[in-house]
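Written below as structure tokens is the structure these notes are about.
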Amino acid sequence: MKRHHGWSLFLIMLATGLVHAQDHFFLQAEASQGLFFAPRVDPYTFSAQVHPSLGIGASPRNFLLGASLAGVYNNPDWALLWGSRLVLHITKLQKKPINRGPRVTYGTLHLTGAILWEGSELRRLAGGVMIDVWEGALLINPRLGYDRKSERKFLEVGLGMGF
């Protein structure tokens, strides 16, 4: 089989797999702001991230494996980072009704972990929790991490959406 036929076959198989896996594919996007824990004059950090993810198991929102692409600003420099992300479901968030009746689920709580690279160099490690309100309508993602380039720990809070 010629090389270009192999690529064509691969792309057809990939497209077919994605169509059948559409219930297990999620796309999350967020913008985060934060501070470095250091006594320097430039403690501010910002990131805009996109996370295409694949849900694993019978309840695909409970365990997500995904890629990450991030534009990161560490005062005064910008960088484009790439990497991977893991999201693990912990529990449902429920509200007790005022009157008698069943509890109403309004969101879920997840653990998150991410590894981000700049080129071929490991740049950022981060982990935290994610609150998913109304199945992705609002994602709140506070996380702690370490930036290897600046050699500083940071705290970021991200707001986003997921589909």
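At position 22 of the sequence shown (counting the first as 1) the number is 21 in numbering that gives the first Met the number 0, and the numbers step up by one without a gap. Glycine included, C-beta positions come from ideal geometry on N, C-alpha and C.
8 Å CB neighbourhood of residue i in its chain, flanking five on each side removed
| i | result |
| --- | --- |
| residue 26 | 49, 50, 51, 52, 161 and 162 |
| residue 3 | Note that residue 3 scores a pLDDT of 48, beneath 50, so its modelled location is shaky; the value from the coordinates is reported in the next line. Counting only Cβ-Cβ distances below 8 Å, and skipping sequence neighbours, we find nothing. |
| residue 135 | 25, 27, 160, 161 and 162 |
| residue 96 | 102 and 103 |
Residues near residue i in its chain [Cβ-Cβ closer than 6 Å; skip 5 each side]
| i | result |
| --- | --- |
| residue 31 | 46, 155 and 157 |
| residue 91 | 104 and 107 |
| residue 94 | 103 and 105 |
| residue 132 | 106 |
| residue 43 | 74 |
| residue 41 | 74 |
| residue 59 | 23 |
| residue 36 | 152 |
| residue 80 | 69, 71, 115, 117 and 122 |
| residue 84 | 50, 65, 67 and 113 |
Close beta carbons around residue i, own chain, < 7 Å, minus the five adjacent residues each side
| i | result |
| --- | --- |
| residue 87 | 62, 109 and 110 |
| residue 127 | 111, 140, 141, 142 and 143 |
| residue 29 | 48, 138, 140, 157, 158 and 159 |
Closer than 7 Å to chain D by CB, residue i
| i | result |
| --- | --- |
| residue 133 | In the structure shown, chain D cannot be found, because there is only a single protein chain. |
Helix, strand or coil at residue i [DSSP, three-state]
| i | result |
| --- | --- |
| residue 96 | coil |
| residue 73 | strand |
| residue 102 | coil |
| residue 133 | coil |
| residue 152 | strand |
| residue 122 | strand |
| residue 0 | With a pLDDT of 43 at residue 0, under the threshold of 50, the modelled position of that residue is not reliable, and the figure given next carries that caveat. If DSSP states are grouped into helix, strand and coil, residue 0 belongs with coil. |
Sheet register partners of residue i (DSSP bridge)
| i | result |
| --- | --- |
| residue 127 | 111 and 142 |
| residue 161 | 27 |
| residue 33 | 44 and 155 |
> Curious, which full-length beta strand (DSSP E) runs of at least 3 residues does the region 36-85 contain?
Replying inline: 43-54 and 62-73
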